[in-house]
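Enquirer: Going by the numbering used here, 240 is the number at position 90 of the sequence shown; the sequence numbering is gapless.
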Amino acid sequence: MSKILEPTPELSKQLHEKVVEDQSASSLVNRLRTKNKDLQTQSVNTYQQFWNDSANNNEESRASMYKTLTNTYYNLATDFYEYGWGESFHFARKSIGESLRESIKRHEHTLFDAARISSGMKVLDVGCG
Numbered sequence: 151m152s153k154i155l156e157p158t159p160e161l162s163k164q165l166h167e168k169v170v171e172d173q174s175a176s177s178l179v180n181r182l183r184t185k186n187k188d189l190q191t192q193s194v195n196t197y198q199q200f201w202n203d204s205a206n207n208n209e210e211s212r213a214s215m216y217k218t219l220t221n222t223y224y225n226l227a228t229d230f231y232e233y234g235w236g237e238s239f240h241f242a243r244k245s246i247g248e249s250l251r252e253s254i255k256r257h258e259h260t261l262f263d264a265a266r267i268s269s270g271m272k273v274l275d276v277g278c279g
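1) How long is the line joining the alpha carbons of His240 and Ile254, rounded to whole angstroms?
2) May I have the straight-line CA-CA distance separating Thr191 from Gly236, to the nearest angstrom?
3) Measuring only the C-alpha atoms, how far is Arg266 from Gly277?
4) How big is the Cα-Cα spacing for Glu258 and Asn180?
5) Can you give me the C-alpha to C-alpha distance between Val273 and Asp263, rounded to a whole angstrom?
6) Taking only three categories from DSSP, how would you classify Phe241?
7) Measuring alpha carbon to alpha carbon, tell me which of Asp275, Lys153, Ser174, Lys185 ends up nearest Leu226.
8) Measure the CB-CB distance between Pro159 and Thr218 and report whether it falls below 8 Å.
9) Less than 8 Å between the CB atoms is what I'm expecting for His166 and Thr220, so what's the real figure, rounded?
10) How would you call Ala242, buried or exposed, if buried means at least 16 neighbouring beta carbons within 10 angstroms?
11) Would you mind reading off the limits of the alpha helix (DSSP H) that contains Ala175?
12) Is Leu261 buried or exposed, if buried means 16 or more other CB atoms sit within 10 Å of its CB?
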């Protein structure tokens, strides 16, 4: 394997500096165009190595690097997820006349209420679907 770019929290912050407010296609293109090209290229190369390097393309090798593989994938995919879903990587049913953002906020409020989660509490979203 060539040099691996470790997907640290600092790297993620560099690649995804700001919260996405504008979910338009032009905003997505602009975000991709203004990223640190060297870090983005190294991230793509790191991710591709998991599938292109035949000497390391086996279950044992990938398992030992699972965290790097997963975090690198999300560093690359996050812009597209935010384009489609905003800050929340989940869907919600929409009411007539309701925006996507409004439907997600309503859905989250319903979930928090059902789970009796209140302001100031810490909650772990393990992302299991």
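All C-beta atoms in this analysis are idealised placements derived from N, C-alpha and C, irrespective of residue type, glycine included.
Expert: This is what the structure holds:
1) Mapped onto the sequence shown, residue 240 falls at position 90. Mapped onto the sequence shown, residue 254 falls at position 104. In a straight line, the C-alpha of His240 is about 8 Å away from that of Ile254.
2) The count along the sequence shown starts at 1 and reaches residue 191 at position 41. The count along the sequence shown starts at 1 and reaches residue 236 at position 86. Taking the straight line joining both Cα atoms gives about 24 Å.
3) Numbered from its first residue, the sequence shown carries residue 266 at position 116. Numbered from its first residue, the sequence shown carries residue 277 at position 127. Arg266 and Gly277: Cα-Cα distance of roughly 19 Å.
4) As a working mapping, residue 258 is identified with position 108 in the sequence shown. As a working mapping, residue 180 is identified with position 30 in the sequence shown. Going from the Cα of Glu258 to the Cα of Asn180 covers about 29 Å.
5) For the purposes of this step, residue 273 is taken as the residue at position 123 of the sequence shown. For the purposes of this step, residue 263 is taken as the residue at position 113 of the sequence shown. Their backbone Cα atoms lie some 13 Å apart in a straight line.
6) Residue 241 sits at position 91 when you count from the first residue of the sequence shown. Correct three-state label for Phe241: coil.
7) Walking along the sequence shown from the start, residue 226 turns up at place 76. Taking only the C-alpha atoms, the option nearest Leu226 is Lys185.
8) What you label residue 159 is simply residue 9 of the sequence shown in a count that begins at 1. What you label residue 218 is simply residue 68 of the sequence shown in a count that begins at 1. No, the pair does not count as a contact, with Cβ atoms beyond the cut-off.
9) Sequence index remark: in the sequence shown, residue 166 carries index 16 (1-based). Sequence index remark: in the sequence shown, residue 220 carries index 70 (1-based). Actually they do not touch by this definition, with Cβ atoms about 16 Å apart.
10) The count along the sequence shown starts at 1 and reaches residue 242 at position 92. Result: buried.
11) As a first step, residue 175 must be located in the sequence shown, where it is residue number 25. Note, Ala175: alpha helix (DSSP H), 175 to 183.
12) Against the sequence shown, residue 261 aligns to sequence position 111. So Leu261 ends up on the exposed side.
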